[in-house]
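Student: Each protein sequence line maps, in turn, to chains A and B.
Just so you know, the first sequence maps onto residues -12 to 785 in this note's numbering.
Just so you know, the second sequence maps onto residues -13 to 383 in this note's numbering.
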Amino acid sequence: MQAPALRRREPLVERPSDAAALADELRRRHAKRITGELLLPAQPARHAPFPPVLDARLKSVLERRGIHAFYSHQRQVWDLVAAGRHTVVATPTASGKTLCYNLPVLQAALGSRAKALYLFPTKALAQDQVAEILEFNRIGELGVRACTFDGDTPGDARRAVRTHGDVVVSNPDMLHQGILPHHTKWAQFFESLAFVVIDEIHTYRGVFGSHVANVIRRLRRVCRFYGSDPVFVLCSATIANPGELASALLGEDAAVVSESGAPQGEKHLLLWNPPVIDPDLGLRASARSQSMRIARTALKRGLKTIVFANTRLMVEVLTKYLKDVFDSDPREPARVAAYRGGYLPGERRGTERSLREGSLDCVVATNALELGVDIGALDVCILNGYPGTIAGTWQRLGRAGRRDRPALGVLVASSEPLDQYIVRNPEFFLGASPEHARIDPDQLLILMDHVRCAAFELPFVAGERFGGENLEEMLAYLADQGIVHREGSRWHWIADSYPAATVSLRSVAEGNFVVIDTTGGAKEVIAEVDYGAAPMTLHEGAIHLIQARPYQVEKLDWVGRKAFVTRTRADYYTEAIDYTKLKILDEFERERGPGGACARGEVHLVRRVAGYKKIRYYSHENVGYGEVRLPDQEMHTSALWWQVSPERLARAFASRWEALDGFLGAAHALHQIAALLTMCERADLGRAVGDGNATWSGVVGADGRGSARSFEGEPVDLDRPGGEFVPTVFLYDNTPGGIGLTAPLYALRHEVAERTRALVAGCDCANGCPACVGPILASEAARGSPKRAALGVLRLLA
Amino acid sequence: MTENTLQHRLALLSHSLAGTSIGQRLACLGTSAGHLRRPAADHEVAARLGGRIAADHVIVIEREIPLASHHGHVPLAGITQLPEVPWLKRHDPRHFVFIDTETTGLAGGTGTMAFLVGAARIDGRHLRVRQYFLTAFAGEPAALDHIERWAGGETHLVSYNGKRFDLPLLAARYRLAGSRDPFAGLPHLDLLHPVRTAFRTRWPDCRLATVEHRLLGFARTNDLPGAAMPGAWLEFLRGGHLGILPAILEHNLHDVVSLAALMPALAAAYSGTGGIAEPDAAAVARAWSRAGMPKRALRRLNEARERLDEAGLLELARLHRRDADWGAAVRIWDDLAHRGSIEAIERLAIYHEHVAKDPSAAAVLAERLGRREPGAAPHLRRIERLDRKLRQARISA
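(1) Ordered along the chain, which non-local residues of its own chain (more than five positions away) have a Cβ less than 6 Å from that of ASN124 of chain A?
(2) Got a sec? Which residues, its chain only, sit under 6 Å from VAL117 of chain A by beta carbon, not counting five neighbours each side?
(3) Give me the Cβ distance between ILE189 of chain A and ALA235 of chain A, rounded to the nearest whole Å; I'm assuming they're in contact under 8 Å.
(4) Taking the straight line between their C-alpha atoms, what separation do you get for LEU390 of chain B and GLU359 of chain B?
(5) What does the alpha-carbon distance come out to for the pair VAL396 of chain A and ARG736 of chain A?
(6) At what residues does the alpha helix (DSSP H) containing MET215 of chain B begin and finish?
(7) Are the beta-carbon atoms belonging to VAL218 of chain A and HIS73 of chain A less than 8 Å from one another?
(8) In chain order, which beta strand (DSSP E) runs of at least 3 residues are fully inside the region 521 to 608 of chain A?
(9) Against PHE123 of chain B, what residues of chain A qualify as contacts under a CB-to-CB distance less than 8 Å, listed in chain order?
(10) Go to THR624 of chain A, then tell me how far its alpha helix (DSSP H) extends in each direction, as first and last residue.
(11) When you compare the CB of GLN534 of chain A with every CB in chain B, is at least one pair closer than 8 Å?
(12) Give me the subset of the region 199 to 233 of chain B whose CB atoms are less than 7 Å from a CB atom of chain A, sorted by chain position.
(13) What did DSSP end up calling TRP319 of chain B once you bin it into helix, strand or coil?
(14) Would you kindly work out how many angstroms separate the C-alpha atoms of GLU353 of chain B and GLU370 of chain B, rounded to a whole number?
(15) Quick one: Cα of GLU122 of chain A to Cα of GLY385 of chain A, how far?
(16) Please confirm whether LEU172 of chain B has its beta-carbon closer than 8 Å to some beta-carbon of chain A.
(17) Beta-carbon within less than 8 Å of LEU376 of chain B's beta-carbon, same chain only, minus the 5 sequence neighbours each way: which residues are those?
(18) Are PRO387 of chain B and ARG206 of chain B touching if we call contact CB-CB under 8 Å?
(19) Roughly how many angstroms lie between the CA atoms of GLN10 of chain B and THR489 of chain A, to the nearest whole one?
(20) GLN164 of chain A and ALA441 of chain A look like a contact to me (Cβ under 8 Å); what is the Cβ gap, rounded to whole Å?
(21) Ignoring anything shorter than 4 residues, give me the alpha helix (DSSP H) runs that lie fully in the region 227 to 269 of chain B, in order along the chain.
(22) Count the C-beta pairs between the region 8 to 19 of chain A and the region 277 to 294 of chain A that are closer than 8 Å, then say yes if the count reaches three, no if not.
(23) Is the Cβ of ARG161 of chain B closer than 8 Å to any Cβ of chain A?
(24) Can you find at least 3 beta carbon pairs, one from the region 420 to 431 of chain A and one from the region 184 to 200 of chain A, that sit closer than 8 Å?
(25) On the three-state DSSP scale, how would you describe ARG146 of chain A?
(26) Give every residue of the same chain whose Cβ lies closer than 8 Å to the Cβ of GLU614 of chain A, excluding the five residues on either side of it in the sequence, and list them in chain order.
(27) Which residues does DSSP list as the beta-bridge partners of CYS349 of chain A?
(28) Under 8 Å Cβ-Cβ, which residues of chain B neighbour PRO168 of chain A?
(29) In angstroms with no decimal places, state the Cα-to-Cα distance between ALA19 of chain B and PHE447 of chain A.
(30) Less than 8 Å between the CB atoms is what I'm expecting for GLU562 of chain A and LYS510 of chain A, so what's the real figure, rounded?
(31) For GLY454 of chain A, does the count of other Cβ atoms within 10 angstroms reach 16, so buried, or fall short, so exposed?
(32) Report yes if the C-beta distance between VAL540 of chain A and LEU525 of chain A is below 8 Å; otherwise report no.
(33) Measure the CB-CB distance between LEU302 of chain B and LEU322 of chain B and report whether it falls below 8 Å.
(34) Report the rounded CA-to-CA distance for ALA69 of chain A versus ALA95 of chain A, giving the unit in angstroms.
(35) Going by other Cβ atoms of all chains shown within 10 Å of its Cβ, with 16 needed for buried, is TYR612 of chain A buried or exposed?
(36) Could you list the residues in the region 170 to 189 of chain A with a C-beta less than 9 Å from some C-beta on chain B, going in chain order?
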């Protein structure tokens, strides 16, 4: 152990030590809370010599920075790129990924004035990158011009960037809307474009990734027009399938470099479940209290610590509690800071700098710090709640870890089912590969958007390909719509419009709602709500919570995407009552098991918010209803569903109501596990219980009990004579048209059902709790145990 | 995949999305174009428009307009003997190319094409207008070639909003056709800018139609509005009637001839040699000054002296001060200060402090400024400085 370093505030650092010692102490004192652990041993550095052709100026810059050899992976990338191979680099945080692409790019810029385009998902990362190259430039007097080109670039600077930029750093949205539709202005740039670097490709998944893949198709099409064929260098954080994602984005194979040659101190990882405080209700101590305790211990030992929380609100709460302990003296510089989206860029840059320089001891952050913003290395990383994906967990944990010292990560579970599943099945988490990042660039609506954009950029020529669908048919469709005009073997853009302006990469359904506070006659925008969540949270009469402050929605302007709210002191909150009607249109595949069947196909889905309940705080009693009139949400998408044969159902359950409880509870848990096993944010998948013919849908009441409703909201009597009863659990792709989640889900159907059954069976609660089948407030006597019923259903499905 | 399934899926998607934003977007894409008829053959179009076929799908229509004629009430002959103006330095009228395009849209970017380009040159005693009309997209490369030969070379471009719209658009088209842009780097006079300078404060807008009406006295009859152009050409392309084409050509012809007429009319407005519209004299004078011709600025202001507003008078005083004609400047400032102009009071304060060396007169004016704009730092500094000077003067006295 090193001698205690001299600290600025001696008294607060009680026992300086390293992260390994902290891990030991936590193991010793809280053995029962630690459900799993992992030790990654230290890795020595593996070097490779500089390539002989490395430009002397670059070599001298590296040497002046104390670098006398490449790490093995950097050399591997160099050689692949030199051979003209598209390459994806998937090595851990802080392994020197940036040099992997900067060096070949600078070498080519110095040698043949070749140009490079860098794409980052955010403007902040783009600016970091330019700063890095400029620093290189300054030290080595290279004369390479690197500039950002984004929405903030002033008009008069744009021409200079276009004509003189050697390295242009931008983002996919700008490429899509600002560069490709004006490619003739960039002719010189495209003619000499030799490299395209795309960093943080793990963020390009789902709908966003599917759009970006199409933007890359357009980029390559424009490059072909100018006679260039750039080499792509992609970088990814931890995901299971970097090579697969890279080739899906590029439409071509990419070589994968995933073995890091950078040295790494040993890493400890603890999975932490807060102790149970009420076994009946399945209540545990809050994750927050546990995270606080661990963070305090770490800080008192002088360890640089980062705490990740899943919401902006939790970031603020944790920061306040930690500041109350460590920043009580306002005359001293702050030791603890918060970092999240919504702060001004300058403030975020300041925090990043303080972290790099080591003047801050602790930062509490949202996933805004998950990306590769340079904050230097830290000793301890505490995750307050499971981030939702295994990849996201490793990306955050990657923030702790130094080249020469041990690091500790602690995942503190909340009472959410996913969290509980993870900490109770440590072998699953520790053994699982991270999620597969999936995209579906040929999703018809997305593809159609980009066929339009591409037709605007260059006329399509017969025989050309763009995506996996039949291009001529799509063009024929556009010609019918008066968008393109066919003349001989070419399709020309003919509409007086700029298609890229109406296509947003970041989501399929566009149009966020703004929430406007009109209290006291003012008009202040206080929040934004995405389109999907608006019907449930912004209907008239809803109580909308912002930082736990209640606002009441007075008026909703659906077309104008505005909600007008006022401050209120209501002692209740509201819960929208919505009915989801699903009709099976087409069945692609089906498997019949002993108890039931699982199938996949296309469905038509209608969601209606019919009203809302007012629920009093703490007592949770229902104190009123309100009606809501909103347009129905319709969607055509793909889904997976499970059904149980009527005979087996009748044998397994005393009543249809009990079976319905079972299906609703099973759906709650299946949804969580399915999200866990596929990619994917929970909101990417939807769930519903109904009968598949859209005659009724099942809903869970405030008491945790199920009831069946017609689509008009009328109760349906399941016991009515002669009535068929085919309850069905649906999991559907929550994007119009689907983005390809259900095919992999179908392949995993047995695992999903079995793991869900194991989760519910293994839960410590009596009749159901938030961690398995959902919260239960009523007693068991009323209608049997929902948890038992759900287990009954899951046994039939598994 | 068969044709039916893709169409079917697209139909399903757009149908089931009715009411969502994507549904609206799909619905907004436009109405069905119906069955395409065969577009008219080139020779029919050429005959109808009185032009000739220059290449496949390119019709050239040429017209001669005598310089002895009028456009509105502007004699076109004025182009050949322009008076000195601040926005045009050395020039040779024989190099002027008056250019205007009609396009498939206003969106800009690579998806917009010019289907009609009108370009006029002065040729002897005529204005010779050539219009290049496309009967198909396929004619574009040949048309661009012809346009280069007619309008390129030793050329001084004259346009209206051409710096922002027409010329960048043509540059993109040349680039897409794989050719060099023949207009890159040529001298280019975009008349929108001097029109704006002179008339921004006088007119509701500076569209070409407004200019024709207010400055040229030219009224179009049965004009096809510019916004209807893209649709009209598309209609023709899809095999619609030829009947609309002469109106498209005429619209473009008027645009080009108006450009030619605008030069002498605007020059007259700047040099004060007549014209039917009264420009903003102060703005015009500033333009003269910026062009390094303060004498002309002074003359324009003096000519309009009776009608000058505060800005005009201040500009006039500034020019007098520049010539060290303090008497004339002070008379204007005094007059304006009397009417409450803060800037005039400040000018006088500076004059009395630094030129007339009369701190007590300056102090009175400084106090007045301080009352008009309480707390303004420059006024406070001036008051303090003058106080000090007055005290020193008393001590040394």
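All residues carry an ideal CB built from backbone N, CA and C; glycine is no exception.
All values derive from a computational prediction rather than experimental measurement.
Tutor: In short, the structure shows the following:
(1) VAL131
(2) ALA133, THR135, VAL156
(3) Correcting the residue identity first, residue 189 of chain A is His in this sequence and not Ile. In fact, because the Cβ distance is near 12 Å, the residues do not count as touching under 8 Å.
(4) Given that chain B is displayed from residue -13 to residue 383, the structure contains no residue 390 of chain B and the question cannot be resolved.
(5) It is worth fixing the name first, because residue 396 of chain A is Gly in this sequence and not Val. Straight-line Cα distance between these residues: approximately 32 Å.
(6) 215 to 223
(7) Taking 8 Å as the Cβ cut-off, VAL218 of chain A and HIS73 of chain A qualify as a contacting pair.
(8) 530 to 533, 536 to 544, 549 to 554, 559 to 579, 583 to 603
(9) Neighbours of PHE123 of chain B on chain A, chain order: PRO446, HIS472, GLU474, ARG477, HIS479.
(10) First-last for THR624 of chain A: 620 to 631, but that is the beta strand (DSSP E), not the alpha helix (DSSP H).
(11) With a pLDDT of only 47 at GLN534 of chain A, under 50, the local geometry of the prediction cannot be trusted, and no value is derived from it.
(12) PRO216, LEU220, LEU223
(13) helix
(14) 10 Å
(15) 26 Å
(16) No, LEU172 of chain B lies away from the interface with chain A (no Cβ there is under 8 Å from its Cβ).
(17) PRO345, SER346, ALA349
(18) Nothing can be reported for residue 387 of chain B, as the shown portion of chain B is limited to -13 through 383.
(19) Low confidence applies to GLN10 of chain B: its pLDDT is 41, below 50, so where it sits in the model is not reliable enough to give any reading.
(20) Contact annotation, GLN164 of chain A with ALA441 of chain A: C-beta distance approximately 14 Å; criterion of less than 8 Å not satisfied.
(21) 231 to 257
(22) yes
(23) Taking Cβ atoms only, chain A reaches closer than 8 Å to ARG161 of chain B, which makes this a yes.
(24) yes
(25) helix
(26) ALA597, GLY598
(27) The bridge partners DSSP lists for CYS349 of chain A are A:THR292, A:VAL323.
(28) GLY95, THR96, GLY97
(29) Any answer about ALA19 of chain B is weak, because its pLDDT of 38 lies below 50 and its placement is not dependable; what the coordinates show is given next. Taking the CA atoms as reference points, ALA19 of chain B sits about 19 Å from PHE447 of chain A.
(30) Not a contact, Cβ separation roughly 28 Å.
(31) Burial call: buried.
(32) Less than 8 Å separates the beta-carbon of VAL540 of chain A from that of LEU525 of chain A.
(33) The Cβ atoms of LEU302 of chain B and LEU322 of chain B do not sit closer than 8 Å to each other.
(34) 10 Å
(35) exposed
(36) HIS170, THR171, LYS172, ALA174
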